[in-house]
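Residues in the sequence shown are numbered consecutively from 30, following this note's numbering. Below is one structure, written out as structure tokens; comments come after it.
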Amino acid sequence: MRRCVARFSATAGSISTPYSVKEGERYVTVRRLTHPIRNQSIMLVPVPSFASHTFYDEWCYQPYVKHHTLVVCHDIATPTARTGLRVFLRDGSKIRAFFPGSLPSPATLDMTRKEFFKRFRYLKASVLRLTFLTAQYRDKTCERTVIQGLRSLFDQQYMYHSVSLESPSEGGDMQYKDSFVLLLNASWVPHAVHHLKKEYGFQVDEEVEAPVGPDEELSLLERRCHRANCMLLLYLSAQFVLLIVGLFNYFIEAGRREWALEQEKQKSA
């Protein structure tokens with residue numbers, strides 16, 4: 030965390046889009062938000078489903094849990110992301126898919142499971158939402174999910190006086206009582222920044238642009254995975270419709286058999 034935060038520059042840019050492209054390279058903006066009255070600091074890391082392994086190693090798979098509360102969005106790793114990566118990725122490419130299993134474990138951090146899970150949380154998304162909605166539609170309708178997730182983390186009615194702040198460290202970094210690192214879906218970040226500023230009074234203190242990978246390769250991979258995901262959803266939807274039709278026919282036939290048995294009993298009587 031110290032190594033990453035040291036790379037921040039004290040500027041605040043636009044939060045309208047999760048990505049920016051410069052000279053064929055895709056970038057995301059990592060932000061740190063602070064609230065001196067609440068004595069809290071939040072580091073927001075936009076995590077795309079696909080990125081270079083360098084980005085994941087440098088910004089995601091860090092031992093944040095040792096000194097901060099790590100919150101991971103459950104919507105980053107989609108069910109079809111890793112499968113699509115293996116099918117469509119070219120040989121020799123450095124693009125990878127985000128995998129929560131690559132995050133540091135209690136054993137690698139020399140922490141007990143109790144200590145680890147006190148500092149590690151998931152922002153869970155609905156399984157039906159992950160399974161039966163496309164990634165593009167989830168990104169467009171994620172605002173409500175973002176607000177609910179942030180409310181569960183920061184909607185506490187308490188305040189710390191500013192006199193409780195400790196002196197800055199050697200790097201000039203303020204020591205906050207509550208320090209969070211949020212690994213969020215890249216499409217969540219604009220909504221998260223807006224809501225944290227508007228509802229809770231946080232301010233964007235520092236930010237840095239982090240390279241994600243070649244934009245052309247990432248765009249092609251995302252398009253192919255999106256089409257494959259649509260085909261999978263059509264297949265699942267068709268199976269679901271067939272299940273409903275089959276159950277409907279089963280109950281109709283069962284009713285007819287019961288009616289036929291009653292008619293036979295009446296005739297025999």
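For glycine and all other residues, C-beta sits at the position ideal for the given N, C-alpha and C.
Query                                                                                                                                                      : Result
Between Y93, D184 and F128, which has its C-alpha nearest M140's C-alpha?                                                                                  : Y93
Keeping to the same chain, check which residues put their C-beta closer than 7 Å to that of W217; ignore five residues upstream and five downstream.       : C102, C171 and V175
Suppose you measure from the CA of E291 to the CA of N278; what does that come to, to the nearest Å?                                                       : 20 Å
Quick one: what's got a C-beta closer than 6 Å to S208's C-beta in the same chain, skipping five residues either side?                                     : S70 and H97
Buried or exposed: where does V274 fall if 16 or more other Cβ atoms within 10 Å of its Cβ makes it buried?                                                : exposed
Look up M72 in the DSSP assignment and say whether it is helix, strand or coil.                                                                            : strand
Quick check: the stretch 79-89 against the stretch 256-276, are there 3 or more CB pairs under 8 Å?                                                        : no
Apply the 10 Å Cβ neighbour rule to Q91 and answer buried if 16 or more other Cβ atoms are within range, or exposed otherwise.                             : buried
On a CA-only basis, which of F84, C89, K51 and K296 is nearest L211? Give me that one, please.                                                             : C89
Given a cut-off of 8 Å on the beta-carbon distance, is the pair T58 and E236 in contact?                                                                   : yes
Could you pull out every residue in the same chain whose Cβ sits closer than 6 Å to the Cβ of P133, ignoring the five residues on either side in sequence? : P92
If I measure Cβ to Cβ from Y183 and keep anything under 7 Å in the same chain, skipping five residues before and after, which residues do I get?           : Reading off the sequence shown, one finds Phe at residue 183, where the question assumed Tyr. Cβ within range, chain order: Y229.
Can you tell me which of L213, W288 and A106 puts its alpha carbon nearest to the alpha carbon of C254?                                                    : A106
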